[in-house]
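Quick notes on the structure that follows.
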Amino acid sequence: MTAVPPGATLGIIGGGQLGRMTALAARRMGYHIHVLDPDPHCAARFVVERCVTAPFEDEEGALDLARSCDVVTLEIEKVAVPALRAAESQAPVRPSPGILAIVQDRAVQKAWLASRGFPVGPYRVVTSAEELAAASDAMPGRLYVKAARGGYDGRGQVVIDGRCDAPKAFADIGAPQCVAERGLDIEAEISVLVARRPGGQAVVYPPALNHHERQVLAWSVLPGPVPGEVARRAGELGRAIAEAFPVVGLLVVEVFWLRDGTLLVNELAPRPHNTFHPTEVGCATSQFEQLVRAVCDLPLGSTDVLRPAAIHNLFGDLWLGDRPPPFADALEVPGVGLHLYGKRVPRPGRKMGHLSAVAATPEAAVATVLEARRRLVP
Ligand code: ADP
Ligand code: MG
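Mapped onto the numbering used here, the consecutive letters of the sequence shown carry residue numbers 1 to 378.
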């Protein structure tokens, strides 16, 4: 028996916004929620019943969490695999530690994808400035250099153009191992979300279309207005990758749709994802509820988009003026919603919340959320 019925206790490793929104969905369904996070003031703090304060490397902390839980899931990749294995001795960990071991290292992840025939762009693993310079010679033009471990939201990443930039770039990143990727000629960035139960039942959401600014997600819309044939290929790619692991829980595949029509896998996330926040207001089943259903082995919910929906991220920069952001002005826009994560300290670049908008079409949802976001700028 792998089912974990409502009334049981769900453990979440990571108490950031993704853990918090998962906890809210799980609470609605009648679960008890315990969270592990290094920060005693983490975003999930006030919506869960118990917080274990421990580093993500701490096996004792993971054991402590898992002992009081019926199943454990996670909202972040950078959890030490031995800690996940320790948790696994007490309760099922979904997705499994083996998947995290692959996904949390870009070099391992890319090799795993390539060896299974999944499409990735040209790249090289580099461990010195000299190797990076050589990679730049081999792949002329723009190069995206990314720390193999630990980067997120564009952090741990530098874009270079030519071998002269290599020494500074390698030093700036400051990681022992990096992945150097050829800069791709992208038509659009899309992402696919697959949810999969222990027995293999899987569902796929329509792809989201994502807009990044300076390598960080600014806004996202669902369903992404892309040709049906692109959506179908992306969905099949996501389903095949989820099956190849196989994942229990969620898997998001970030996909580059190139100008020549090719779809390449950018990166994988076996957890809820910023680009599927529109599911909360637009879909029959939010990504957070779907995660709970998948890891608790309940029937998966419909992935239908009931109303096109868009989100716009709100970063800490908005809080740094004299007055708090004028949320009332944004909320005047019909169809707009406000989602704040309860983070106490705003910092530039820190995700503090997002705006959502629903509308008759994806294009109108984007226009509406952009209008609401514009109203927050003094
Ligand atoms: P993160 O973990 O920070 O999300 P990503 O690898 O997804 O890191 O890169 C962040 C963003 O940078 C991507 O969404 C894309 O906009 C841009 N980017 C990354 N790699 C490439 C590439 N090889 N070619 C073009 N753009 C890229
Ligand atoms: Mg990314």
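Glycine included, each C-beta is placed from N, C-alpha and C at the ideal position.
Residue range of the unbroken alpha helix (DSSP H) whose run includes residue i
i	result
Phe170	Ala166 to Ile173
Ala284	First-last for Ala284: undefined, no H or E at that position.
Ala23	Gln17 to Arg28
Arg239	Gly228 to Ala244
Val103	Pro97 to Val103
Contact test: residue i Cβ vs ligand 2 heavy atom, cutoff 7 angstroms
i	result
Asn266	yes
Glu254	yes
Same chain only: Cβ atoms within 7 angstroms of residue i, ignoring 5 sequence neighbours per side
i	result
Glu187	Trp257, Leu258 and Arg259
Ser302	Ala284 and Thr285
Gln215	Gly154 and Gln157
Leu300	Ala195, Arg197, Gln201, Val203, Gln290, Arg293 and Ala294
Ala107	Val125, Ala148, Gln177 and Val179
Ala86	Glu59, Ala62 and Leu63
Local conformation of residue i per DSSP, three classes
i	result
Lys78	coil
Ala148	coil
Val333	coil
Lys380	Since the first residue of the chain shown is 1 and the last is 378, residue 380 is not available in this structure.
Arg380	An answer regarding residue 380 cannot be provided, because it is not within the stretch 1 to 378 covered by the chain.
Phe56	coil
Ala8	coil
Ala359	coil
Asp37	strand
Val366	helix
Pro194	Here residue 194 turns out to be Val, not Pro, going by the sequence shown. Looking at Val194 - three-state DSSP - the assignment turns out to be strand.
Beta-carbon proximity check, residue i vs residue j, cutoff 8 angstroms
i	j	result
Leu184	Gly141	no
Asp105	Arg50	no
Ser136	Ile160	yes
Ala195	Ala284	no
His273	Leu193	yes
Leu100	Val79	yes
Gly337	Leu314	no
Ser68	Thr2	no
Arg94	Gly335	no
Leu36	Val52	yes
Limits of the beta strand (DSSP E) - the one that residue i falls within
i	result
Asp64	From DSSP, Asp64 is part of no beta strand (DSSP E) but of the alpha helix (DSSP H) over Glu59 to Arg67.
Asp137	First-last for Asp137: Ala129 to Ala138, but that is the alpha helix (DSSP H), not the beta strand (DSSP E).
Phe256	Gly249 to Leu258
Glu315	According to the sequence provided, residue 315 is Phe. The question's Glu does not apply to it. Note, Phe315: beta strand (DSSP E), Ala309 to Phe315.
Trp112	Taken as a continuous stretch (DSSP letters only), Trp112 belongs to no beta strand (DSSP E), being part of the alpha helix (DSSP H) at Arg106 to Ser115.
Ala269	Leu263 to Ala269
Val203	Ala202 to Val204
Residue i Cβ short of 7 angstroms to ligand 1 heavy atom set
i	result
Lys146	yes
Ala77	The amino acid at residue 77 is misidentified as Ala; the sequence shows Glu. Glu77 Cβ: outside cutoff for every heavy atom of ligand 1.
Ile186	yes
Gln157	yes
Arg212	Contrary to the premise, residue 212 reads as His rather than Arg in this sequence. Yes, since a heavy atom of ligand 1 falls inside the 7 angstroms radius drawn around the Cβ of His212.
Asp153	yes
Gln215	yes
Glu60	no
Glu229	no
Arg182	yes
Close Cβ partners of residue i (< 6 angstroms) along its chain, the five nearest in sequence each way excluded
i	result
Gly342	Ala43
Arg350	Gly316
Val252	Ser191, Leu193, Ala269 and His273
Gly353	Leu314, His339, Leu340 and Tyr341
Pro40	Thr53
Cutoff 8 angstroms; reference residue i; Cβ partners in own chain excluding five residues on either side
i	result
Leu306	Gly282, Cys283 and Ala284
Ala367	Ala359
Phe327	Leu338 and Leu376
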